[in-house]
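There are 2 protein chains.
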Amino acid sequence: MSNEQALAQYDVKQYRTPDGYTADIAVFTIISTRLDTYKPPTMELKLMLIKRSMTDLEGRPNIEAGKWALPGGFVNPDETSFQSAQRELQEETGVSGLHLKHFGVYDKPGRDPRGWIISNAHYAIVPEHRLSSRQANDDADDVELFTIDQVLQLELAFDHAEIISDAVKVMAQELLETTVAKEFLPKEFTYSELQSVLRTVTNEPQIISDPAFARKIKTLPFIQEVTGKKTTRTSKKPTQLYRFTEPVQLSKSIYTVRY
Amino acid sequence: MSNEQALAQYDVKQYRTPDGYTADIAVFTIISTRLDTYKPPTMELKLMLIKRSMTDLEGRPNIEAGKWALPGGFVNPDETSFQSAQRELQEETGVSGLHLKHFGVYDKPGRDPRGWIISNAHYAIVPEHRLSSRQANDDADDVELFTIDQVLQLELAFDHAEIISDAVKVMAQELLETTVAKEFLPKEFTYSELQSVLRTVTNEPQIISDPAFARKIKTLPFIQEVTGKKTTRTSKKPTQLYRFTEPVQLSKSIYTVRY
DNA sequence: TTAATAGTGTCTCTGAGACACTATCGT
DNA sequence: ACGATAGTGTCTCAGAGACACTATTAA
């Protein structure tokens with residue numbers, strides 16, 4: 013191993029290096045409204061954004077001040093961008109262990125007026141009640157939840173419009189192709205509650221139609237009936253409860269599914 | 013817009029910044045062997061690796077010298093890592109427009125002994141004949157194709173073992189869930205040729221079984237029969253040719269497919 | 001004629017799709 | 001009894017899975 017020799021002679025500054033490395037997070041939640049007792053909930057997908065302060069900590073004017081942006085921050089040299097995102101998310105929600113996933117890198121020259129800054133984008137899925145205690149911090153004047161439609165109308169900082177539009181696509185995809193929907197649901201749930209979650213991102217007939225979905229849920233290998241357990245929270249007629257089973261390997265090729 | 017004022021006061025160096033930003037590429041190809049005339053080809057998935065030189069351009073000992081590594085290089089400040097990967101890939105193959113996709117970021121502290129270096133990982137799918145003219149360059153002593161099994165036995169530079177293992181998974185997934193298989197096939201192909209490609213990454217019964225696959229291929233919405241056109245390159249009996257149609261939106265949720 | 005690949009002929013069984021129907025409760 | 005959600009009954013049709021069978025050619 014002459015790696016030590018090589019290293020001794022290696023000049024770290026022979027290439028131009030980035031001016032910064034950040035981790036941004038698109039925090040999704042679903043606001044669930046129970047219109048009435050004995051009714052299934054109405055659900056709406058929301059994204060959390062922060063409003064950038066007009067001035068920074070030292071009172072100087074801030075970059076992209078007043079615009080809405082994804083929460084995030086600079087990555088420290090002793091952590092990965094994922095760890096950095098975890099830290100940010102924990103600061104924002106007060107809990108760790110939430111569903112967090114990396115989905116893209118944004119490095120277009122000029123995307124940040126401060127210089128060559130690479131952003132590593134993540135998205136998180138957070139149950140509604142974790143965000144009730146949300147608060148503005150040093151960097152932000154305001155924190156708010158928006159529907160996806162609303163977000164696209166806002167004036168967004170940097171290239172966050174692009175990042176968000178990608179995040180929405182990836183998140184919708186994952187909701188349909190994995191079992192993350194469970195992050196939005198209680199441990200035990202009715203078919204109509206799962207249906208409400210999926211309705212926020214799809215309108216496939218099998219999911220929209222109640223009879224079809226009620227039948228289908230019983231055949232899914234990753235969902236099991238909680239035998240004998242029922243609830244009346246969504247209807248007067250006691251409704252069967254279901255539960256996600258332990259992770260199953262799900263992967264179907266387009267060459268084997270039905271169209 | 014007081015962004016100009018803010019910018020004037022912004023100190024780019026207030027955070028520690030990365031020491032480098034690289035783009036690495038896992039170049040996949042399928043080596044197709046025609047054992048005999050009138051036989052379907054046997055296909056094997058291969059990955060292209062380079063062997064790192066013992067010394068650099070100035071004759072000094074190189075980092076991770078002698079180990080096998082993914083091709084790649086430092087990203088310039090005026091390009092995205094994707095563009096950088098495109099450039100590298102073109103240098104390696106002599107052509108542009110090949111299938112190239114970003115799949116992950118590797119930024120674990122200590123992954124590169126030279127410092128805080130972030131690697132943006134891509135994979136490419138290259139038809140076999142594009143790699144015939146491959147050659148070693150300044151940075152590499154040698155360039156070679158390995159099967160995935162072989163690769164896992166090699167001594168690999170940096171954290172490339174991890175990157176490669178991720179690349180293989182993502183690439184196998186994409187082969188089954190999109191129509192990229194076409195990158196490995198001629199414009200018009202027989203069912204057994206497509207089957208050979210898919211066999212490199214799966215053993216789902218519907219794909220492995222000839223009668224089943226021969227039936228299934230006719231019902232796939234993204235593949236059409238080339239009516240009346242046959243070939244005898246895979247068998248003595250003239251075989252029907254097929255062709256991929258223009259991109260179709262394929263997305264099936266796990267809640268609607270059959271298991 | 002044989003050997004090899006490329007299919008097709010059936011049968012059974014599961015599930016999708018449609019739509020009417022029943023079930024169960026609170027009010 | 002009614003209204004509302006949660007299902008089930010039944011029919012038809014498409015396709016999966018299994019396995020034997022036929023089709024077409026070169027040698």
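Residue numbers (this note's numbering), protein chains in the order written: chain A, 13 to 271; chain B, 13 to 271. We put the beta carbon where it would ideally sit given N, CA and C, even for glycine.
N- and C-terminal bounds of the beta strand (DSSP E) containing residue i
| i | result |
| --- | --- |
| T243 (chain B) | 235-243 |
| R64 (chain B) | 54-64 |
| D222 (chain A) | Unbroken run through D222 (chain A) is the alpha helix (DSSP H), 222-228; no beta strand (DSSP E). |
| D124 (chain B) | Looking at the DSSP string, D124 (chain B) is not in any beta strand (DSSP E), and its letter there is neither H nor E. |
| Y118 (chain B) | 111-118 |
Within chain A, the residues that residue i reaches when beta carbons sit closer than 7 Å
| i | result |
| --- | --- |
| Y135 (chain B) | Within 7 Å Cβ-Cβ: nothing; Y135 (chain B) doesn't reach chain A, min ~15 Å. |
| E288 (chain B) | Residue 288 (chain B) cannot be examined here, being either before or after the span of chain B that is shown, 13 to 271. |
Chain B residues whose Cβ lies nearer than 9 Å to that of residue i
| i | result |
| --- | --- |
| K181 (chain A) | Residues of chain B passing the Cβ test: none, with the nearest at roughly 10 Å. |
| S93 (chain A) | V117, D119, I130 |
| H114 (chain A) | G116, V117 |
Where residue i falls, given that 16 or more other Cβ within 10 Å makes a residue buried
| i | result |
| --- | --- |
| H141 (chain A) | exposed |
| Y267 (chain A) | buried |
| T29 (chain A) | buried |
| G272 (chain A) | Because chain A in this structure spans residues 13 to 271, residue 272 (chain A) falls outside the shown range and cannot be described. |
| T263 (chain A) | What sits at residue 263 (chain A) in the sequence shown is Ser, not Thr. When all chains shown are included, S263 (chain A) counts as exposed. |
| L69 (chain B) | exposed |
| I220 (chain B) | exposed |
| E258 (chain B) | exposed |
| M13 (chain B) | Residue placement at M13 (chain B) is poorly supported in this model, since its pLDDT is 45, which falls under 50; the coordinates still yield a value, given next. M13 (chain B) should be labelled exposed. |
| L59 (chain A) | buried |
| K230 (chain B) | exposed |
| E100 (chain A) | buried |
| R64 (chain B) | buried |
| Y272 (chain A) | With chain A running from 13 to 271 in the structure shown, residue 272 (chain A) is simply not present. |
| Q261 (chain A) | exposed |
Contact list for residue i against chain B, beta-carbon separation under 7 Å
| i | result |
| --- | --- |
| E216 (chain A) | S265, T268 |
| D90 (chain A) | P121 |
| P233 (chain A) | Y271 |
For residue i, the residue or residues it bridges with in DSSP
| i | result |
| --- | --- |
| Q252 (chain B) | B:K242 |
| E156 (chain A) | A:L61 |
| G85 (chain B) | B:A35 |
| N132 (chain B) | B:A35, B:V117 |
| S44 (chain A) | A:M55 |
| I137 (chain A) | A:F40, A:H111 |
| L168 (chain A) | A:W80 |
Residue range of the alpha helix (DSSP H) that includes residue i
| i | result |
| --- | --- |
| F94 (chain A) | 93-105 |
| V182 (chain B) | 172-189 |
| Y267 (chain A) | Neither: Y267 (chain A) is in no alpha helix (DSSP H) and is coded neither H nor E. |
| E205 (chain A) | 203-211 |
Chain A contact residues for residue i, given Cβ-Cβ distances below 8 Å
| i | result |
| --- | --- |
| Q185 (chain B) | S263 |
| L228 (chain B) | The identity of residue 228 (chain B) in the sequence shown is Lys, whereas the question assumes Leu. Here the neighbours are Y267, T268. |
Where residue i meets chain A, residues with beta-carbon distance less than 9 Å
| i | result |
| --- | --- |
| P223 (chain B) | Those within 9 Å of P223 (chain B) in chain A number zero; the least Cβ separation is about 15 Å. |
Check whether the segment 35-47 of chain A and the segment 127-138 of chain A are in contact - that is, three or more C-beta pairs closer than 8 Å.
yes
Are the segment 77-93 of chain A and the segment 245-265 of chain A touching, with three or more C-beta to C-beta distances below 8 Å?
no
Using 8 Å as the Cβ pair cut-off and three pairs as the minimum, do the segment 111-125 of chain A and the segment 169-177 of chain A touch?
Yes: the two stretches touch, three or more of their Cβ pairs being nearer than 8 Å.
Meets three-Cβ-pair contact criterion under 8 Å: the segment 109-120 of chain B and the segment 157-169 of chain B:
When Cβ pairs closer than 8 Å are counted between the two stretches, the segment 109-120 of chain B is seen not to touch the segment 157-169 of chain B, the count staying below three.
Quick test of the definition: if touching needs 3 or more C-beta pairs under 8 Å, does the segment 181-188 of chain B touch the segment 227-239 of chain A?
no
Do the segment 42-50 of chain A and the segment 195-212 of chain A meet, that is, are 3 or more Cβ pairs less than 8 Å apart?
Taking one beta carbon from each stretch, the segment 42-50 of chain A and the segment 195-212 of chain A have 3 or more pairs nearer than 8 Å; the two touch.
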